Amino acid sequence: MSPKAQAGPRPLVTFAVLAYQQEELVRQAIEAAFAQTYSPLEIILSDDASSDRTYAVIEEMAAAYSGPHVVRINRNANNLGLIGHVNALFELAAGDFVLLAAGDDVSLPQRTERLVSAFMEDERVMLVHTPVERIDSTGQILGLWHPPMLGKPDEVASLAMSLGLHLGASAGYRKAVFDHFGPVLEAFAYEDLVLGFRARLLGEMKYLDTPLVRYRVDTGMTRKEKPLESSVRNQRRVRALKMMRAVFRQRMADYRRTERPEPAVLGAMGAKLRDVESRLAYHEAPGALFDQRRPGSVAEALKAVHGEARLQLVSGLKARLRSLFPGRSRG
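Here's what the structure looks like:
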C-alpha cells in the first residue's frame, strides 16, 4: 500500500511562467495561469531579460489581475538562460510543489489541481507528469505527445543513461527535488533531464494519462527544422553533444550525493560521458583525442569517433535526399 500524505491544510503551490522574447504569446500562458482552479496558488510571472515587450505584458496583466491567487512578477537583470532561469524560480518559489510553464504554452485550468491531488495521494511521489497536446503557433491542436519513458523501466540505473524521460512542459515537482540537491550547475543541460533523474533518486515519478498542457512545437526552442547546410547541421550536433555532456556531468554529481551510489551506475555514466566527450572532440578538437591525460582508452575514443563519423555521413546523405526530393524524405 502506498504511504499516504498526512491530511491537513491544502499546501501552497507555486505556478511559475518562464518567458523570454514571447510578447505575442505570453498573454495566453498568463491567462492560463490565472485560470488555474487550485488554491492556494502563488503565480510567478518571470521574464529572462527580454528585449521585446514581454515584461511589459507581464506588468500589465499582473496589475489588472483581481482573482484569488497571489501574483508575483520577476525580471532577471541579465539573461540567465533556461537553466539559470529555472534555478532562480525554484529559489523564489514559496510553494511545497512547483509547476513550470513556458511562456508560449497553455496549461488547462485543472492542471495544478490534478497534479497536487496525485502528490497528496503518495508522499513518495516527487514528480508528476502527463502527456501533452501539441499545438502550432496559431493554437491548432496537432496531436498527442506521450513521454519517451512511458512503458520503459524506471529504475535509477536505466534513467541514469536515458536522454528521454518525462515531458518537462507537463511536470510538477516537490520543491525538495531542488532543495535537496541545490541549483543545477551545468548551464547546457535540459532541466527535465536533470530534475527527472533527481526526482527518481529521491522517490517516485507518477504518470497521469491525461493531457493538461498544450505544448507549442514550432516556436522558440521547440522549432524543429532539418537544415541542408553541413555547417548548420554540425553546429546543431555540437550543441546537442554539449547538452548531453552537461546532463551526464550533472547526473553524476547528483548521484554521488545520494546515500549509497552504486559503482556500476557511476561507471556506466562515466563511460557514456567519455563517449560524448570523444564525439565532441571529433568536431572541436580532434588532437585532444590522443592526449595521454584524457580519461579512458584510445580504443574507446576511436570507437566513439567512428560512430560519430558514421552519424555525420548518414546525416549528410539524408540532407542530400531532402534536397533532391523535397517533401518525400522522412529521415
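Counted the way full-length UniProt numbering counts, the sequence shown spans residues 1 to 331. Note that CB positions come from ideal geometry on N, CA and C, so glycine has one too. All of these numbers come straight from a predicted model, not from anything done at the bench.
Buried or exposed, going by whether 16 or more other CB atoms sit within 10 Å of the CB of residue i?
i, result
"ILE30", "buried"
"residue 356", "Examination of residue 356 is not possible in this model, given that the chain is present from 1 through 331 alone."
"ARG216", "buried"
"residue 333", "Coverage of the chain is limited to positions 1 through 331, which leaves residue 333 absent and any answer about it impossible."
"VAL119", "Sequence check: residue 119 is Phe here, not Val. Answer is buried; the Cβ neighbour count reaches 16."
"residue 343", "Residue 343 falls outside the range modelled here, since the chain spans only 1 to 331, and no answer is possible."
"GLY331", "Confidence in GLY331 is poor, its pLDDT being 44 and thus under 50, which makes the residue's placement unreliable; the coordinate value appears in the next sentence. Burial call: exposed."
"PHE90", "buried"
"GLY267", "exposed"
"LEU100", "buried"
"ASP47", "buried"
"VAL13", "buried"
Could you check whether residue j and residue i sit closer than 8 Å to each other, using their CB atoms as the reference points?
i, j, result
"THR112", "PHE34", "no"
"ALA32", "SER107", "yes"
"LEU289", "ARG245", "no"
"VAL114", "THR210", "Sequence check: residue 114 is Arg here, not Val. Yes, the pair counts as a contact, with Cβ atoms nearer than the cut-off."
"ASP218", "ASP136", "yes"
"ALA169", "ALA88", "no"
"residue 343", "VAL177", "This structure gives no information on residue 343, because the portion of the chain shown stretches from 1 to 331."
"ALA171", "HIS129", "yes"
"HIS69", "ILE43", "yes"
"VAL116", "TYR55", "no"
"TYR207", "LEU150", "yes"
"SER230", "GLY316", "yes"
"GLU300", "TYR282", "no"
"PRO109", "GLN36", "yes"
Quick test of your reading: residue i and residue j, contact by CB under 8 Å. State the CB separation rounded to the nearest angstrom.
i, j, result
"GLU191", "LEU82", "6 Å"
Which same chain residues, not among the five before or five after residue i, have their C-beta less than 6 Å away from its C-beta?
i, result
"ALA157", "VAL265"
"HIS146", "PRO131"
"VAL194", "VAL184 and GLN250"
"MET126", "ARG174, VAL177, ALA199, LEU202 and GLY203"
"GLY196", "LEU165 and HIS166"
Of all Cβ atoms in chain C, is any one closer than 8 Å to the Cβ of residue i?
i, result
"GLY267", "Going by chain labels, chain C is absent from the structure shown, which holds only one protein chain."
Report the option in the options whose CA atom is closest to the CA atom of residue i.
i, options, result
"ARG72", "VAL86, LEU41 and LYS318", "LEU41"
"PRO153", "GLU204, GLN140 and ALA187", "GLU204"
"ARG10", "ALA253, PHE97, SER297 and SER278", "PHE97"
"TYR20", "ALA64, ALA62, ASN74 and VAL13", "ASN74"
"GLU123", "ARG320, ARG174, GLU262 and LEU208", "ARG174"
"GLU60", "LEU100, SER231, ARG236 and VAL26", "VAL26"
"VAL238", "ARG260, TYR207, SER278 and PRO263", "SER278"
"GLU24", "ARG53, GLU262, ALA301 and PRO286", "ARG53"
"GLU262", "GLU155, LYS318 and GLU121", "GLU155"
"MET243", "LEU163, ARG214 and SER51", "LEU163"
"PHE188", "ILE141, LEU241 and ARG214", "LEU241"
Within its chain, find whatever has a CB closer than 8 Å to the CB of residue i; leave out the 5 residues flanking it on each side and keep chain order.
i, result
"ASN78", "ALA49"
"MET269", "ALA160, MET161, PHE248, ARG251, MET252 and TYR255"
"PHE181", "ARG198, ASP254 and ARG257"
"residue 332", "What the structure shows of the chain is the stretch from 1 to 331, and residue 332 is not part of that stretch, so it cannot be assessed."
Less than 7 Å separating the Cβ of residue i from some heavy atom of the ligand FMN?
i, result
"MET149", "Looking for the ligand FMN in the displayed structure turns up nothing, as the structure carries no ligands at all."
Give me, in chain order, the residues of the same chain whose beta-carbon lies closer than 7 Å to that of residue i; leave out the 5 immediate sequence neighbours on both sides.
i, result
"ALA304", "ASP275, SER278 and ARG279"
"TYR65", "PHE34 and VAL71"
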